[in-house]
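S.K.:
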Amino acid sequence: QTLETTHDEL
Amino acid sequence: MNIFRLLGDLSHLVAIIILLLKIWKTRSCAGISGKSQILFAIVYTTRYLDLLTTYVSAYNTFMKIIFIATSYVTVFLMYVKFKATYDHNHDTFRIEFLILPTSVLALLINNEFTIVEVLWTFSIYLESVAILPQLFLVSKTGEAESITSHYLFALGSYRGLYLLNWVYRYYAEDHYDLIAIVAGLVQTILYCDFFYLYITKVLKGKKLQLPA
């Protein structure tokens, strides 16, 4: 899992 | 986008539409917790700040704007336009008891210590408990109108469907976000008692009345 800070969900 | 997430989003949208229609058609917000609606407005405002920084998709942007806008419209209808019908005597849940602990938790447990990320985390934590004033109001009055029950069912189903979406994404995309998953679980569990009453009573044509 990458700790991405872009949230693609609502 | 998978079917669970789409159904979850649609269920969320349906909940909002039901609520706004109920208030508009009956010219009344009786039985609805203004405290919960204020919390939802805070939730969407703090979560969708990334509208300004990140573009995901037209769908994503559209839904975010709808959720933010309708949350403010609802608060306006309750506290300004139909203020006289607002059940403030029963809507006595202290929202600082939800805002303060979730703020502290967001500061302590987050994916990244930045303003936008901490606010996103706060919004996830706060959303998981934002329905409590509404459930408290229903328990205080001992009943809920059918239309309010339908609203609560659609609103509760939304995060439940997201849980299925997260299971799917874990296997299909190897993607998961523990913060959202745990908060989503808490959020869905809070509705379980209501779901039980909804299925056993409201769907059989009876009014949702709590046992005395």
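So the protein sequences, as listed, match chains H and R. Read left to right, the first sequence gives residues 1 to 10 (the numbering used here). Read left to right, the second sequence gives residues 1001 to 1212 (the numbering used here). For every residue, glycine included, the Cβ atom is placed at its ideal position computed from N, Cα and C. Just so it is clear, the structure is predicted and the values come from calculations on it, not from any experiment.
1) Name the chain H residues that come within less than 7 Å of R:T988, Cβ to Cβ?
2) Please report the straight-line C-alpha distance between R:I1124 and R:F1153, rounded to a whole angstrom.
3) Could you pull out every residue in the same chain whose Cβ sits closer than 8 Å to the Cβ of R:L1210, ignoring the five residues on either side in sequence?
4) Is there a Cβ from chain H that is less than 8 Å from the Cβ of R:W1120?
5) Drop a sphere of 10 angstroms on the beta-carbon of H:H7, count the other beta-carbons inside from all chains shown, and report buried for 16 or more, exposed for fewer.
6) Along the chain, where does the alpha helix (DSSP H) that runs through R:I1131 open and close?
7) How would you write the range of the alpha helix (DSSP H) that R:I1095 sits in, first residue to last?
8) Mind checking if H:L10 is an interface residue toward chain R, Cβ cutoff 8 Å exclusive?
M.R.: In terms of the structure at hand:
1) Examination of residue 988 of chain R is not possible in this model, given that chain R is present from 1001 through 1212 alone.
2) 20 Å
3) V1138, S1139, G1142, E1143 and L1197
4) yes
5) So H:H7 counts as buried.
6) Note, R:I1131: premise wrong, no alpha helix (DSSP H); not H, not E.
7) Careful: R:I1095 lies outside any alpha helix (DSSP H) and carries neither H nor E.
8) Closer than 8 Å to some Cβ of chain R, the Cβ of H:L10 qualifies, so yes.
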